[in-house]
Each structure stands twice: as C-alpha cells, then as structure tokens.
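**Student:** I am attaching a structure below and will ask some questions about it afterwards.
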C-alpha cells in the first residue's frame, strides 16, 4: 500500500494489480476451485451439460435457503448499473437486476452459489463493485467468479472441444461460437475461461486477455481489464493517455459493431466475432487474436469487446491447423499512435510524439558522445 501511495496509485488499483500478479503466477489456473466446482456440479446437477439460471436458482432457494428477488432492484434508479445485490440475514436474499440477459443471470447466480459452496463470508455484497474494503474481499470475489465459470463451463469437456476445434483446417466462426453457446456463456466468460485451460491443457502458455469498453458516439476506447500469462505482451494498459492502435482487432470489432447497431438497432443485441493475426512493428512476435464484441447490459450506450491473443510459436502452429487460413486477416499493428513509427497509417489518430521525443533524446546523446570523443587529447 505504501508503494501505491508513493506512485499516486489508488489502493483499489494496487489491489487489482496484486491480484493480476497472483493469477499470472499460477497461469490463471486454480485446481482447488476447479475441484470444488466439479463436486458441486456432481452433487446438484449430475451429468447435464447446460446449467440454466433456473437450475441454479432452484438450488439456491430450495437447498441453501436463499430468497431470490427479481423485482426490488428496478425500484431504485441508482442501482440500475448493478447486476446483483446480496442482502445477508437469517434468510439471505439475492436481488437480481431484471434486465440481465440469460448469460449474465447464470453467472450472477453461479457466483453466489460459489460463495455459498466454498463458505466464503468476507465478501462484497454488490456486483459490480461499489466499494472495495480489503484485498481479501477482492480475492474472494475472484474465487467465486472463477468457481462460476468452472461450474458453467466444465474443464474436461471444454478441453476436448477446443482440441477438436483446433484440428479444423479452416477458421470456422460458427463452430467456435457453437461451443460458447452450448454452455449459455457470455463472450467474456467464455474467452476468460479459455485463459484458465490454455496454458496447462492446450499447450498455449503465452497469451493475453483484454477487455475494452467504448461509449457509442465517441472516439475513446478504454482498456479496463487485462491479463498476461508468461510475460507482458503487447498490448497492455501502461499508456493511460495514449491512443491505442486502431489496427487491433479489439478496436476494429467495436467500430464495426457500432456501425451494425446503427443499421439494425442496438436493442437487437448484435454480437460480432472477429479474428486477426497481429504482427507487431517493433517485435518478432505474432499473435492469433479472437475478439467478441457486443453491448453491455444493463449499461446504456456502452459496448464491450473481449479478446484473447495466443502467441503464434512453433507449438501453436502444430496444435492449430487453421493458423495459416488465408481468409484470416493479417495486420501489422503497433501499441499506441504516440509510440508508433508506422508511416502513412490510415488509422493513425495522433502524432508519434513519444517516439519523436525518444528519437530526439537519442540524437542528443549521440551528439554528446561524438563531442566527448572529439575533445579527448590525442
């Protein structure tokens, strides 16, 4: 916490940084939570592949004594951005936002089941956050959320399905989305779940996950969630005021989504799936990126893209048969406009001021070095 204060970082932001480090240290895989989810699924849901919101609601109310309230939250204007509120008591109450879609509702209920199953009591009572009181609460929220994903998208079937999917010789968007839809998962839950299994079970330890938010009608894109496994991969969010590269598939997906919403109406809740091979100007690294973009409900006029990027090394190319599908877009990308040397870039939205300043500094150092050598006595 003292480090956070020294660098003018909020305590909350520092806690989230510590949590990310904890996840990265464990390759974002936690066997004890996986085991807890497997045991819970076996006891309450047997062999059924799809667990519906109604299934979980029944367990919470009939087996664990919860009262599920789907009406109260809509009476409070200030709570409309929250997905759920937990009210402790002799009869615990879970208030759910009635505007949640089925995937969001499943996750909120499964997360609550995770708290109950793992007997976690030090917790936040709202989803999303209003106030973070301790790191322990943040860690417990992560555990309950991990449990929810592991319960709704069980590990072993997902590993088998992804291994089979990677044997396709052509990228197949419908086949990919069919796996997600089989579990009734939201795009974020599904792609983030892939980060749990990819390092250990798919042989893909080098990856990143990004979540961007975009307010429709604006030109700003906010990177507000990220995870990097086996090293810090580009892109990342250290450039708070920089303009992220508009060539990233995560940004393209949001731009295209906004155009689609203008045509068909945001109320239809369209979703876009895009893939890209991203090659970085200043690196030999190339990433296979899958991005899913859609509206954020119940938040109005806000869209979100979630992206998983997998390092395309020799192991990846052996495992993924469609890696060189000519239908997949290949893009030279940068990190941020302010730091990028790309010339004649049609997507540039800011001058490379950071790069130019760096070059200017290097030129000064070179000149001083030559001057020093000239002045040395023979």
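In our numbering, the protein residues as written are -9 to 368.
Note that beta-carbon positions come from the ideal geometry of N, C-alpha and C, so glycine has one too.
1. Give the secondary structure of residue 276 by DSSP, where H, G and I count as helix, E and B as strand, and everything else as coil.
2. Excluding the 5 residues preceding and the 5 following residue 187 in the sequence, name in chain order all residues of the same chain whose CB lies nearer than 7 Å to its CB.
3. Take residue 21 as the anchor and find which of 308, 140, 90 and 313 has the nearest alpha-carbon.
4. Return the CA-CA distance between residue 285 and residue 38, expressed in angstroms with no decimal places.
5. Between residue 199 and residue 181, how many whole angstroms is the CB-CB distance? I'm expecting something under 8 Å.
6. Where does residue 16 sit, in a helix, a strand or coil, going by DSSP?
7. I need the straight-line Cα distance from residue 292 to residue 215, nearest angstrom please.
8. From which residue to which residue does the alpha helix (DSSP H) around residue 176 run?
9. DSSP beta-bridge partners for residue 182?
10. Can you list, in chain order, the residues of its chain with a C-beta nearer than 7 Å to that of residue 176? Leave out the 5 residues immediately preceding and following it.
11. Leaving aside the five residues before and after residue 372 along the sequence, list all residues of the same chain whose C-beta is less than 6 Å from its C-beta, in chain order.
12. Need the endpoints of the beta strand (DSSP E) that residue 139 sits in, please.
13. Whole angstroms are fine: how far does the CA of residue 282 sit from the CA of residue 174?
14. Please give me, in chain order, every unbroken run of the beta strand (DSSP E) with length at least 3 that falls completely inside the region 302 to 326.
15. With DSSP collapsed to three states, give me the class of residue 100.
16. Counting beta carbon pairs with one atom in the region 125 to 134 and one in the region 157 to 174, are three or more of them shorter than 8 Å?
17. What is the DSSP secondary structure of residue 112, counted as helix, strand or coil?
18. List the endpoints of the continuous alpha helix (DSSP H) containing residue 158.
19. By Cβ distance, which residues of its chain are closer than 6 Å to residue 319, with the 5 residues on each side in sequence left out?
20. Which residues mark the beginning and the end of the beta strand (DSSP E) in which residue 59 is found?
21. So residue 22 is in the alpha helix (DSSP H); what residue range does that whole segment cover?
22. Give a yes or no on whether the C-beta atoms belonging to residue 189 and residue 219 are separated by under 7 Å.
23. Taking the CB atoms as reference points, tell me whether residue 88 and residue 56 lie closer together than 7 Å.
24. Please name the residue, chosen from 36, 234 and 99, that lies closest to residue 54 on a Cα-to-Cα basis.
25. At which residues does the alpha helix (DSSP H) containing residue 249 begin and terminate?
26. Return the bridge partner residues of residue 292 from the DSSP annotation.
27. Do you know whose CA, among 168, 234 and 194, lies nearest residue 202's CA?
28. Could you give the distance in angstroms between the alpha-carbon of residue 239 and the alpha-carbon of residue 263?
29. Quick check on this structure: which residue in 242, 250, 251 and 13 has the alpha carbon closest to the alpha carbon of residue 296?
30. Could you check where the alpha helix (DSSP H) with residue 48 kicks off and where it finishes?
31. Identify which residue in 246, 195 and 256 has its Cα closest to the Cα of residue 370.
32. Is residue 190 helix, strand or coil when you go by DSSP?
**Tutor:** In brief:
1. strand
2. 145, 148 and 149
3. 140
4. 29 Å
5. 7 Å
6. coil
7. 15 Å
8. Counting along the chain, residue 176 falls outside any alpha helix (DSSP H), and DSSP gives it neither H nor E.
9. Beta-bridge pairing links residue 182 to no other residue.
10. 93, 94 and 97
11. What the structure shows of the chain is the stretch from -9 to 368, and residue 372 is not part of that stretch, so it cannot be assessed.
12. Looking at the DSSP string, residue 139 is not in any beta strand (DSSP E); the run it does join, the alpha helix (DSSP H), is 125 to 142.
13. 15 Å
14. 319 to 323
15. helix
16. no
17. coil
18. Residue 158 -> no alpha helix (DSSP H), and no H or E assigned at all.
19. 266
20. 57 to 59
21. 21 to 34
22. yes
23. no
24. 99
25. 239 to 254
26. 205
27. 234
28. 10 Å
29. 242
30. 43 to 48
31. The requested residue 370 is not part of the displayed model; the chain covers only -9 to 368.
32. helix
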